[in-house]
Every structure is written in structure tokens, then in C-alpha cells.
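Converting from the sequence shown to our numbering requires adding 178 to each position, the first position being numbered 1.
Think of the CB as a built atom: it goes at the ideal place given N, C-alpha and C, for glycine as much as any other residue.
Predicted model only: the values in this text are computed from it and were never measured.
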Amino acid sequence: MSRWEPFDVSDSHPDPFVQFATWYAEGSPLLPEPQAVSLSTASRAGRVSSRMVLLRHVGDGTFGWYTNYDSHKGHDLEENPQAALLWWCEPLGRQIRIEGHVARATTDESDAYFASRGRGHQIGAHASWQSRVLSSREELMTRVEEVTQRYKGHEIPRPENWGGYRLTPHVIEFWQQRDDRLHDRVVYERDGYSWRRERRQP
Ligand SMILES: Cc1cc2nc3c(=O)[nH]c(=O)nc-3n(C[C@H](O)[C@H](O)[C@H](O)COP(=O)(O)O)c2cc1C
Numbered sequence: 179m180s181r182w183e184p185f186d187v188s189d190s191h192p193d194p195f196v197q198f199a200t201w202y203a204e205g206s207p208l209l210p211e212p213q214a215v216s217l218s219t220a221s222r223a224g225r226v227s228s229r230m231v232l233l234r235h236v237g238d239g240t241f242g243w244y245t246n247y248d249s250h251k252g253h254d255l256e257e258n259p260q261a262a263l264l265w266w267c268e269p270l271g272r273q274i275r276i277e278g279h280v281a282r283a284t285t286d287e288s289d290a291y292f293a294s295r296g297r298g299h300q301i302g303a304h305a306s307w308q309s310r311v312l313s314s315r316e317e318l319m320t321r322v323e324e325v326t327q328r329y330k331g332h333e334i335p336r337p338e339n340w341g342g343y344r345l346t347p348h349v350i351e352f353w354q355q356r357d358d359r360l361h362d363r364v365v366y367e368r369d370g371y372s373w374r375r376e377r378r379q380p
């Protein structure tokens with residue numbers, strides 16, 4: 179008997195965010211880092227790059243993460259606000275692809291998230307000029323020490339170049355592994371204010 183559950187359009191919820199919540203709830207207890215997703219961006223010239231980020235926000239019709247706005251991905255997103263997220267749940271043989279348009283989170287959202295992080299993370303966000311060349315680990319640790327001293331006894335403010343992004347999807351695909359590579363794929367495409375669902379060949 180196959181260990182994989184069948185997944186057809188009739189098994190899927192009309193709202194892809196509800197479907198995402200179901201698969202995420204089923205998969206996350208089985209994963210060491212359930213929020214880990216691959217984020218792909220592209221420069222204006224179409225040069226693509228991918229990296230992992232933590233999916234810290236799902237709701238209000240968006241998927242979100244936090245990062246440095248001056249990073250490689252930040253520069254890509256300022257030039258070209260299209261991106262793709264990918265979640266893989268090996269124990270359940272499930273992949274979720276999300277593609278859409280990205281905008282910055284509000285400063286209130288970014289402030290609230292930054293305030294919820296531990297002090298070490300907050301110091302790290304100030305000390306690391308993400309994606310820029312670093313001559314040595316010592317250079318980084320010197321900046322960590324400077325930031326630690328600067329804010330000793332004070333709250334650490336969010337760096338202006340650090341905050342959230344929110345992706346509003348136009349396509350979400352749910353892929354269920356099946357035997358003999360005859361996988362099940364259900365793709366949602368935005369159609370005005372609603373979603374069109376269809377099966378795709380594996
Ligand atoms: C599991 C995992 C989660 C990560 N989460 C984040 C994250 O939420 N935000 C972030 O800026 N970088 C995160 N990183 C580091 C990124 O993958 C990447 O190295 C960094 O953001 C710089 O990417 P860039 O130079 O392409 O902008 C994570 C890495 C891993 C392996």
C-alpha cells in the first residue's frame with residue numbers, strides 16, 4: 179500500500195490559504211524547522227537567486243518574512259517585486275509553490291516583530307550588513323561589541339534597513355507525492371477576487 183494520501187481538486191479547499199493552513203498544520207510537527215522556505219528573487223536583468231528564509235507571517239492574503247532591505251534579496255525585490263516561495267515537507271511528500279508580488283510590511287508590523295526578538299537577534303540585525311563583503315569574523319564581532327555598548331541599558335530600535343516583506347500570491351500549487359511519479363498537483367490561480375483551481379499533469 180502507498181504511504182501517500184491522494185489529493186484531488188475535490189479534496190482541496192476553495193481558499194488556498196485554508197489549504198495551506200491544513201497542510202502546514204499536518205506537516206509542521208514532523209519537520210525540524212517547519213517555517214523554512216526557499217525564497218527566489220530576480221534582479222531587473224532577470225538574474226535569479228534563491229535562499230532559505232523563515233515564513234513568519236501567513237494571513238491577510240499574504241505570506242511574509244523578515245530580512246535586511248539592503249541585502250541581495252532586498253535589492254532584487256526593490257528592482258523587481260516578483261518572487262517565489264517553496265515549502266517542502268519530506269515526511270508527507272508534499273510541496274507547496276507560491277508565486278506573487280512582494281511589498282514591504284508596514285513599519286508597525288516590522289517594529290512589532292523586531293521588538294519580539296531576543297536581544298541577541300536585535301544586536302545581530304544591527305551588526306550584520308547582510309550580503310556585503312566581510313573581511314573576517316573579528317570585524318563582525320567588533321561591530322557586535324560596538325552595538326552592545328551603544329545600547330547598553332536601552333531598548334534596541336529596529337534598524338531602518340531591516341523589516342518584513344509580504345508576498346501576495348497569484349499562483350499557489352499543492353503537490354502530493356504519489357507512487358511511480360504519478361503525483362497529484364492542484365494549482366490555484368487568482369481570478370479577480372476568487373481563485374480558479376485545476377489539476378495539472380505530474
Ligand atoms: C533555515 C534558514 C532560515 C533562514 N531564515 C532567514 C530569514 O528569515 N531572514 C534572512 O534574512 N535570512 C535567513 N536565512 C539566511 C538566508 O538564507 C541568506 O543567507 C541571507 O538572508 C542572505 O541572503 P541574500 O544575500 O541572498 O540576501 C536563513 C537561512 C536558513 C538556512
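At least one heavy atom of ligand 1 is found less than 6 angstroms from the C-beta of W243.
Judged by DSSP secondary structure, I334 falls outside any alpha helix (DSSP H); it is assigned neither H nor E. W201 carries a helical assignment under DSSP once its states are collapsed to helix, strand and coil. Contact annotation: I274 and P347 have beta-carbon atoms that are not nearer than 7 angstroms.
Every alpha helix (DSSP H) stretch that sits fully inside the stretch 279-327 and reaches 4 residues is listed by chain position as 285-294 and 297-305.
If you check the CB distance, S288 and G205 do not come in under 7 angstroms. Looking at P212, A261 and Y366, the one whose alpha-carbon comes closest to that of W353 is Y366.
The beta-carbon separation of S228 and S218, rounded to 4 angstroms, stays under the 8 angstroms limit for a contact.
Residue range W340 to Q354 is occupied by the beta strand (DSSP E) that includes G341.
Inter-residue distance for R321 and I301 is about 9 angstroms (C-alpha atoms, whole angstroms). CA-CA distance, L232 to Y244, rounds to 8 angstroms.
According to the DSSP assignment, E376 belongs to the beta strand (DSSP E) that extends over S372 to R377. Taking C-beta atoms as the reference points, S190 and V364 count as a pair closer than 7 angstroms. By the Cβ neighbour-count rule, K330 is exposed, with fewer than 16 other Cβ atoms within 10 Å of its own.
Between I350 and the set R282, F241, N258 and P184, the nearest pair of CA atoms involves F241. With a 10 Å radius around the Cβ and a threshold of 16 neighbouring Cβ atoms, A223 comes out exposed.
E183 carries a coil assignment under DSSP once its states are collapsed to helix, strand and coil.
Not one heavy atom of ligand 1 lies closer than 6 angstroms to the C-beta of V215. A305 is the residue among A305, N339, P184 and K251 whose C-alpha sits nearest the C-alpha of Q327.
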